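Okay, structure first, notes after.
Number of protein chains: 2
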Amino acid sequence: MPSKPSTPITIDAVYDAPGYLFRRMQQIAVSIFMEECKAFDLTPVQYAALIAIHTHPGIDATRLSAVIAFDRSTLGSVIERLQAKDYIERKPAPEDKRIKLLYLTKSGAAILREIIPAVERAQARMLEPLKPADRKALMGLLEQLVDLNNEASRVPLRAEDALEHLGKGG
Amino acid sequence: MPSKPSTPITIDAVYDAPGYLFRRMQQIAVSIFMEECKAFDLTPVQYAALIAIHTHPGIDATRLSAVIAFDRSTLGSVIERLQAKDYIERKPAPEDKRIKLLYLTKSGAAILREIIPAVERAQARMLEPLKPADRKALMGLLEQLVDLNNEASRVPLRAEDALEHLGKGG
DNA sequence: CCTAGATCGTCAGTATACTGTCAATCAACA
DNA sequence: TGTTGATTGACAGTATACTGACGATCTAGG
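Here is the structure:
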């Protein structure tokens, strides 16, 4: 394509935009996840929250939002729904009356074990149309890009390591 | 990685999942878009709808949803907001009382011209952390994947070509 | 002790997304 | 022509997302 003095407005201004592709791919990913996991009545977000609570028992909501990079406000209702389904429970923290500690219930631990094969099928299906080498290449580039753009997101990811010094000190 | 008899539940079950990376990247993309375009009070979805209406004057809502692959229900409120901002207008179709034809207003055409540089800055910023060759590689793979997964999404993309025979025949 | 600033969970408001449903309308066919 | 089936826009209900604000609470400094 020759360089153009001013951009002509075509529908390709949408189709070729990275942001549009990211949106489409996210919607496809959610669609596949829900299809594979429809027996479990669990959304991708709820699944991620359960995993994070499983690996960080007693975490509070704000730190949970940093660990999985989800919005703090949104997470409130996610937690509510998980609690309503009896997959998690909230206990007041004795040393800080503001926070509530999150724990998996027996039900929560059980459904997590059961849903994982379905989630893995879903994740595999998302990339299935690509050749194995291309899958690796795409995931590698995407991991890099997400990591390098971390601070550009509203809720930057703060991995476990970054939380060690915050609340677990005792 | 050696093959494991059963999957240990770690936080990497979230971080390494393609679906999680797609979600994060989408959120980062929206965040960058809104930052670059904050002077225009236009969301990514509203921008895409305006472009599509510009390139398909007189399109109806259902076909618009196919052209940009957005959910038909969601699009209803998007159109309402664009109309409230006086960027588009809806006219009843004389030959079919069910549908309403969508057109850009002068305001809509104007803001589209004005916002495009900001959108292009946003799109460039999303990929900026990668080397130019990697940007091309990532976009190429993602285009392939979205295209090959088209039917897996709730609202498959039906490009302009596929619409020619539907409503434009006169 | 007391106050200034930070943090926590929560809430209101807005904007996607998707499911399922509905009345109005149209198209096709007997 | 009359009925069946499909389509259109609209709506209700649920679930992310984000902004901005709030009271309750904690922490630091004086």
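First to last, the protein sequences are chains A and B.
Be aware that the first sequence starts at 167, since it is given in the numbering used here, and climbs by one per residue.
Be aware that the second sequence starts at 167, since it is given in the numbering used here, and climbs by one per residue.
Note that CB positions come from ideal geometry on N, CA and C, so glycine has one too.
All values reported here derive from a predicted model rather than from experimental measurement.
- Contact of residue 245 (chain B) with chain A is not assigned, every C-beta pair being separated by 8 Å or more.
- Taking CB atoms only, residue 253 (chain B) has no neighbour in chain A less than 8 Å away.
- Within the model, the alpha-carbon separation for residue 180 (chain A) versus residue 287 (chain A) is close to 31 Å.
- Annotation: Cβ neighbours of residue 289 (chain A) in chain B (cutoff 8 Å, chain order): 183, 184, 185.
- For the region 299 to 325 of chain A, the set of residues with a beta-carbon nearer than 7 Å to any beta-carbon of chain B comprises 300, 303, 304, 305, 307, 308, 309, 310, 311, 312, 314, 315, 318, 319, 320, in chain order.
- Under a 10 Å Cβ-count criterion, residue 229 (chain B) is classified as buried, with 16 or more other Cβ atoms of the shown protein chains found around its own Cβ.
- The Cβ atoms of residue 216 (chain A) and residue 306 (chain A) do not sit closer than 8 Å to each other.
- DSSP, reduced to helix, strand and coil, places residue 258 (chain A) within a strand of the structure shown.
- Under a criterion of Cβ atoms nearer than 7 Å, the residues of chain A adjacent to residue 214 (chain B) are, in order, 180, 186.
- In the DSSP assignment, residue 307 (chain A) falls within the alpha helix (DSSP H) that extends over 298 to 314.
- Beta-bridge annotation (DSSP): residue 267 (chain B) is paired with B:257.
- By the 16-neighbour rule on beta-carbons within 10 angstroms, residue 314 (chain A) is exposed.
- By the criterion of a C-beta distance shorter than 7 Å, residue 244 (chain B) is surrounded in its chain by 211, 212, 215, once the five residues flanking it on both sides are discounted.
- Think of a sphere of 8 Å around the beta carbon of residue 197 (chain A): the chain B residues whose beta carbon falls inside it are 318, 319, 320, in chain order.
- DSSP places residue 319 (chain B) outside any alpha helix (DSSP H), giving it a letter other than H or E.
- Among the residues of the region 256 to 270 of chain B, none has a Cβ less than 8 Å away from any Cβ of chain A.
- Just measuring C-alpha positions, the residue of A:222, A:241, A:224, A:223 sitting nearest residue 231 (chain A) is A:241.
- Chain B places no beta carbon closer than 8 Å to that of residue 223 (chain A), leaving this residue out of the contacts.
- B:268 is the residue among B:323, B:268, B:298 whose C-alpha sits nearest the C-alpha of residue 221 (chain B).
- DSSP lists no bridge partner for residue 281 (chain B).
- With a threshold of 8 Å between beta carbons, residue 210 (chain B) makes contact with chain A.
- The criterion of a C-beta distance shorter than 8 Å is satisfied by residue 257 (chain B) and residue 266 (chain B).
- Judged by DSSP in its simplified three-state form, residue 225 (chain B) adopts strand.
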